[in-house]
Amino acid sequence: LMAATAKAAPDLKRLAGGSPGGRKLAKPVLHYSLSWARDETPDKGEMNRAVDESLEALGLEGHEALIVAHEDTRHPHVHVIANRVDPETGKAAKLGNSKLRLSRWAEGYEREQGQIRCERRVENNERRRAGQEVVRGPSNRSRHWARVRREGMQPERARRARKPRREDRVDMEAWRHGEADAWETVADGREYSLQHLETRARKEWAELHKRQEEMRQRLDRESRTVLGRLRIWRLERSLRELAGAIRGRQDLVEGWREDLDGYHRDERAELGKAHGERAREIERGWGKFYRNRLVEAERRAWSVRETMREREREQARERERGRTITRIVVPRPPRPRGPERGGGGFER
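Residue numbers for the sequence shown follow our numbering, so the first one is 24 and each next one is one higher.
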């Protein structure tokens, strides 16, 4: 149904008395989700009310929408898929700053419920209302790095089945000492490497978000004037859109915003990919270091065992040399000679 409405947009525009032209929507549908806290139990009516209010905040009231509620997780939540094309006029809804609109709506919803659950959102909205710049803080990615540490080299997994294959040929006490020392070095070094990477990644993410926010604000400023729209048009190099750029046609400006958002998504994906690859390099490097240290530990344990065996053999030779055989000799009486034999003497 939504696809049919999007395809029929030119006809709907003509029927509504408007121009059937305009830039074709690259993404005619919008998907977002609303979730509640673990201790909240919204019923079907409450979920529908929240969805209706959020659609109104986005300017999508009256548009086709598909709503799917899930309660199979810790947080009750709904998925919303809305058609951007108005079924009455055929025009596409303007979704500029849609995240900020939902943020303001979510703050109002929490105030209505009587409990603010996200203080950071309230602070950021207040700063925006005051005209101050809001840059996504590096702490937003702390959960990601906690998962990197948790899902990296697990001690029980990395240390299992790595004992010497011939335990009878090595000194196991010496090997266990060497293995423990190796793992302690690996754990400390890995943590230091990940902390260094996390610090650098936070800085790079902050710089990227700041640069992207400046580009969005510049696009908003440029799109308000004819000269600014012409400067943007020069980047597009499309004669077909020149007249629309001069008139400031809204669907054309909205298309520029979509292009910029797509470019920004690609930038974020590339940066995240680079950081992920660097984290894997750290894991591989420390894993290799650990395996090499285990080889050294086994070699030292074998040397200790051989030294102990040689010492035992030397002690056995010493005992053999110190052993003496003692013979007990009993002296015999002298044998009698001549006349004395027989016990008698010479008779005169």
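We treat Cβ as the ideally placed atom computed from N, Cα and C, and that holds for glycine.
Residues of the same chain with a CB within less than 8 Å of the CB of GLY41, apart from the 5 flanking positions on each side, are THR112, GLY113, LYS114 in chain order.
Distance from LEU231 to ILE305 at the Cβ level is roughly 21 Å; contact not present, criterion being Cβ atoms closer than 8 Å.
The shortest CA-to-CA distance from ALA26 to any of THR96, ALA153, ALA88 is the one to ALA88. For HIS93, the three-state secondary structure derived from DSSP is strand. Per DSSP, the continuous alpha helix (DSSP H) segment holding SER77 begins and ends at 67-80. Rounded to the nearest angstrom, the gap between the Cα atoms of GLU207 and ARG303 is 20 Å. For VAL52, the enclosing beta strand (DSSP E) stretches over residues 52-58.
Counting C-beta pairs closer than 8 Å gives three or more between the segment 211-227 and the segment 289-303, which meets the contact rule. The alpha-carbon separation between GLN235 and ARG152 amounts to approximately 20 Å. With respect to the 7 Å criterion, LEU83 and ALA60 are not classified as neighbours on the basis of their beta carbons.
Counted as a single uninterrupted DSSP element, the alpha helix (DSSP H) harbouring VAL209 occupies residues 195-245. With respect to VAL101, LEU35 sits apart: the two C-beta atoms are not nearer than 7 Å. The beta carbon of ARG124 sits closer than 7 Å to those of ALA80, LEU81, all from its chain and outside the five residues before and after it, given in chain order. By the C-beta density criterion, TYR313 is buried, having at least 16 other C-beta atoms within 10 angstroms.
Per DSSP, VAL108 lies in no alpha helix (DSSP H) and is assigned neither H nor E. GLU133 and LEU24 have their C-alpha atoms some 33 Å from each other. Distances from the CA of GLY119 to each of SER77, VAL91, HIS200, GLU277 were compared; the closest alpha carbon is that of GLU277. Listed as beta-bridge partners of ALA88 by DSSP are ALA105. Residue burial annotation: HIS86 is buried, with at least 16 other C-beta atoms found within 10 angstroms of its C-beta. At a Cβ-Cβ threshold of 7 Å, ALA116 and ARG127 do not count as neighbours. The distance from the Cβ of ASP194 to that of ALA320 is about 11 Å, inconsistent with a contact at the 8 Å cut-off. Selection HIS98, GLU130, HIS200, ASP62 evaluated against ARG143 yields GLU130 as nearest (Cα-Cα). Here VAL74 is buried: its Cβ has 16 or more other Cβ atoms, across all protein chains shown, within 10 Å.
Under the DSSP assignment, GLU63 falls outside any alpha helix (DSSP H); it carries neither an H nor an E label. Under the three-state reduction of DSSP output, ALA115 falls in the strand class. Annotation: PRO99 is outside any alpha helix (DSSP H) and is labelled neither H nor E by DSSP. Under the three-state reduction of DSSP, ALA39 is assigned to coil, being neither helix nor strand. ALA31 carries a coil assignment under DSSP once its states are collapsed to helix, strand and coil. For ASN148, the enclosing alpha helix (DSSP H) begins and ends at 142-152.
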